[in-house]
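For the sequence shown, my numbering begins at 4 and goes up steadily by one.
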Amino acid sequence: MAGDELAAQPSPPAAEGGDHRRAPGPLLSFLHLAVLSAFALAQPLFDLLSDNPEFFAARGSTAAEIVTFALVVVLVPPALLLAVELLIGLAGSAARRGAHLVLVALAAAIVFVQALKGIGAGDWVLIALAVALGAGAAALYARAEPVRSFMTVLSPAPVVFLALFLFISPVSKLTLAGEASAQSIGGIEPVPVVMVVFDELPAISLLDDRGDVDAVRYPGFAQLARDGIWFRNTHTIYDATAKAVPAIMDGDYAEKGLLPISSDHPNSIFALLGKSHVMNVSEAATTVCPRDLCDDVRLDEPFLDRLGSIGEDLGLVYAHVALPPDMEADLPTVSETWGDFGGDGEAVPGAGEVEVVEEGPPTPQEGKRATLAALKADRGAELDAWIDSIRRGRRPSLNFKHALLPHVPWKYLPSGQVYNTGASDPIPGLSRQSYVDETQVQQLQLRHLLQLGYADSKIQRLIAHLRDIGMYDRALVVVAADHGVAFRPVFDRRRGKRSTLEEIALVPLFMKLPGQERGRVDDSIVETTDIVPTIADVLGVDLPEQPDGRSALGPAVKRRNVVKMMARDFSGWIRMSAEELDRRRQERVDRKLALFGTGADGPDRIYRVGPNQELLGRSVDSLGVTGESAAKVSLTDPGAYDDVDPDGPVVPIWVTGRVSGIEDRRDLAIAVNGTIRAVSNTFELATGGGQLLSALVPPSSLRPGANSIAVYEVTPAGLALMGR
């Protein structure tokens with residue numbers, strides 16, 4: 004068709020310089036712009052998503068949504084560019100030709116920016132080079148007929164990219180594969196099942212100085228330990244949600260290439276109990292329950308809104324991929340989600356610190372409730388709604404919830420109040436995982452432990468609800484976590500390694516059996532893949548296929564003496580003896596207790612972290628102020644302290660800001676209403692960018708109404724006020 008259009012155009016006189024003096028026809032313009040758009044936009048996104056189809060699987064995207072998204076990416080950008088060209092062309096053919104060449108140059112420059120991103124040049128040098136190359140490409144396009152012909156020959160490229168993405172790449176599992184179905188299994192005990200899988204919860208975080216669950220800080224988890232079986236040596240078999248949660252659901256080890264969808268996990272707990280139990284299932288990062296069994300609330304959102312959510316997430320991801328490094332560093336992070344961009348943990352250059360890959364383009368994962376949008380939302384309210392949906396009925400129910408707690412972003416206090424209402428950190432990067440600075444690692448762990456207290460409040464609410472409806476004693480209640488998280492300077496907090504196995508691998512597992520009257524501790528080496536076989540054991544289910552896991556109540560599990568977790572890149576198992584793991588766990592518990600104490604030490608003890616703790620609780624007047632510091636601090640939200648309601652939904656305990664006038668680390672003391680309530684130090688992000696301040700003050704330090712916040716540098720001579 005394009006060739007017919009070219010043939011239909013009259014050849015200009017040779018004196019006019021040939022075809023380069025006029026713009027191609029609208030169809031040919033569209034095709035050429037579509038080729039450039041495909042290389043600049045569509046193919047980079049398709050390539051990233053082909054390696055990480057979990058992005059769609061985790062958000063519950065339907066085949067129609069994926070196909071529509073792909074068509075929009077391929078067709079809409081060149082259509083918009085052509086519309087701009089034709090609109091400018093109303094001023095004349097020369098104007099249209101100029102507009103077309105400018106668009107060609109800009110699209111080519113975007114391609115060159117991505118191609119040259121790894122050469123190590125500064126941002127503006129890189130941009131200038133890309134623009135120069137784009138202008139040169141447009142000049143060749145304008146004057147060289149072979150270049151234009153080559154663009155015409157490439158016109159099928161967008162369609163080829165589209166077809167490969169939808170029907171050949173791993174995304175084809177989502178566009179072409181069918182759903183699993185409920186299995187016919189007889190003899191199942193009519194026992195209701197209540198199962199909560201928390202996210203990013205190391206078992207170490209729950210422990211007190213006696214090795215028990217800290218009953219003051221975490222009374223809900225402690226209640227489960229008293230009422231049921233606490234499998235104290237449970238470990239995950241993988242360190243990423245998209246693989247770890249399905250392993251809990253079906254009892255099979257994670258495999259490279261498997262997606263968190265029902266067709267890849269046909270023997271899930273949902274399929275096993277689909278005909279005997281009523282489903283009440285809320286998945287956040289997976290779509291393992293077949294849709295003919297489970298209502299997916301994510302699909303209640305209007306189709307266009309879901310497409311918009313995909314576009315919002317991928318727009319930010321594309322900016323990370325396409326922008327030069329320094330500009331990329333200033334973008335909001337989308338690292339706290341579950342797609343494995345980089346492909347099974349393979350590092351790819353560009354994003355600094357992300358959750359799933361240590362360096363690489365950020366990971367947008369998980370649908371409006373399974374992406375960054377879900378993590379921005381009120382995760383507690385979603386968990387409350389699921390708890391309220393648990394009902395007694397004539398048929399037993401399977402109630403399953405994957406709760407995105409205490410997963411980042413950290414913003415909740417045990418009371419349910421929040422200290423950050425923004426969609427991201429007040430200073431981009433404050434919650435990233437890797438710091439050289441020990442104090443900031445402690446601040447991250449503090450925020451994690453506080454958010455774990457909020458997760459515990461939901462366990463308390465769940466137990467109370469089950470008791471209210473008369474189901475707690477009758478039900479099989481299972482509470483677990485998909486993987487842990489490590490808090491060490493420089494370490495990637497989420498990548499499982501032998502050096503962090505005790506924090507990443509060890510996760511809580513509590514099972515209260517139906518009719519169980521007394522709790523007990525079981526020190527068997529239990530894998531998260533053992534959960535479904537144990538449920539089957541309790542319910543009398545004859546499994547149609549033997550999974551990798553075994554019943555935690557059986558002899559095979561009791562004979563284990565080695566903990567193992569699959570390496571992120573599936574290169575093999577990371578193994579450790581039970582004795583070594585226990586020793587290393589105790590070392591990390593001892594460190595945590597030294598830093599944060601226990602709940603028995605009082606509610607404010609957890610906030611006593613950082614250098615110069617002898618200053619805490621002392622008035623500034625008693626310490627004396629020696630003068631002004633050379634450093635100046637600019638708080639990110641100084642107005643937050645003008646009218647505080649300590650009992651309100653938001654309490655501004657997170658003091659953050661940028662520090663100028665210095666280039667090295669300085670110790671700090673933060674005074675609230677004239678009393679030192681936090682000690683910290685300045686620090687830099689892993690990506691640099693100047694000295695920063697980030698510290699939490701206890702909620703008890705704030706009073707109703709106006710509060711004063713002052714930041715002091717701690718010097719050998721005393722306190723020096725940091726001006727603003």
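From the three backbone atoms N, C-alpha and C, an ideal C-beta is built for every residue, glycine too.
The structure presented is a predicted model; accordingly, all values stated were derived computationally and were not measured.
| Asked | Found |
| --- | --- |
| Assigned exposure category for Gln368 - 16 Cβ within 10 Å defines buried | With a pLDDT of only 33 at Gln368, under the threshold of 50, the placement of this residue in the model should not be trusted; the figure read from the coordinates follows. So Gln368 ends up on the buried side. |
| Cβ-based burial, Gln46 [other Cβ within 10 Å; buried from 16] | buried |
| Nearest-angstrom beta carbon gap, Leu408 and Gln454 [assumed within contact, 8 Å] | 7 Å |
| Same chain, Cβ closer than 6 Å to Phe59, five either side skipped, listed in chain order | Ile69, Leu177 |
| Proximity of Val529 and Val560 at Cβ, strictly below 8 Å | yes |
| Identity of the residues DSSP links to Met514 by a beta bridge | Ile232, Val481 |
| Which of helix, strand or coil DSSP assigns to Phe686 | strand |
| Test item: CB-CB of Leu688 and Leu696 under 8 Å | no |
| Coil, strand or helix - His451 by DSSP | helix |
| Expected contact under 8 Å - CB spacing of Asp640 and His405 to nearest Å | Going by Cβ atoms, the distance from Asp640 to His405 rounds to 33 Å, so no, they are not a contact pair. |
| Thr718 classed as buried or exposed, judged by whether at least 16 other C-beta atoms fall within 10 angstroms | exposed |
| N- and C-terminal bounds of the alpha helix (DSSP H) containing Met154 | 148-156 |
| Residue(s) in a DSSP beta bridge with Phe403 | Met198, Val284 |
| Neighbourhood of Ser174 by C-beta distance below 8 Å, restricted to the same chain and skipping five residues each side | Looking at the sequence itself, residue 174 is Val, so the reference to Ser does not match. Here the set comprises Leu52, Ser53, Pro56, Phe59, Ile69, Phe168. |
| Counted within 10 angstroms of its Cβ, other Cβ atoms place Glu356 as buried (16 or more) or exposed | At Glu356 the pLDDT is 29, less than 50, meaning the model places this residue with poor confidence; the figure from the coordinates comes in the next sentence. Glu356 comes out buried. |
| Counted within 10 angstroms of its Cβ, other Cβ atoms place Asp391 as buried (16 or more) or exposed | exposed |
| Bounding residues of the alpha helix (DSSP H) (the contiguous stretch that carries Ser637) | Careful: Ser637 lies outside any alpha helix (DSSP H), inside the beta strand (DSSP E) at 628-638. |
| Of the residues Gly642, Leu722, Ala723, the one placed nearest Ala709, counting alpha carbons only | Gly642 |
| CA-to-CA distance, Asp440 to Glu520, given in whole angstroms | 47 Å |
| Uninterrupted beta strand (DSSP E) stretches inside the segment 596-622 (no shorter than 3 residues) | none |
| Coil, strand or helix - Met330 by DSSP | helix |
| Extent of the continuous beta strand (DSSP E) run through Gly473 | From DSSP, Gly473 is part of no beta strand (DSSP E); its letter is neither H nor E. |
| Nearest neighbour of Tyr241, chosen from Trp233, Asp648, Arg235, Ala250 [CA to CA] | Ala250 |
| Exposed unless 16 or more other CB atoms sit within 10 angstroms - verdict on Gly518 | exposed |
| Test item: CB-CB of Ile191 and Glu505 under 8 Å | no |
| Assumed close pair Leu705, Tyr715 - CB separation to whole angstroms, cut-off 8 Å | About 18 Å separates the two Cβ atoms, so there is no contact after all. |
| Collapsed DSSP secondary structure at Val647 in the structure displayed | strand |
| C-beta neighbour in chain D for Thr289, strict 8 Å | The structure shown contains no chain D, having only a single protein chain. |
| Helix, strand or coil at Thr659 [DSSP, three-state] | strand |
| Length of the line joining the Cα atoms of Thr659 and Ala489 | 23 Å |
| Whole-angstrom distance between Val200 and Leu386, CA atom to CA atom | 11 Å |
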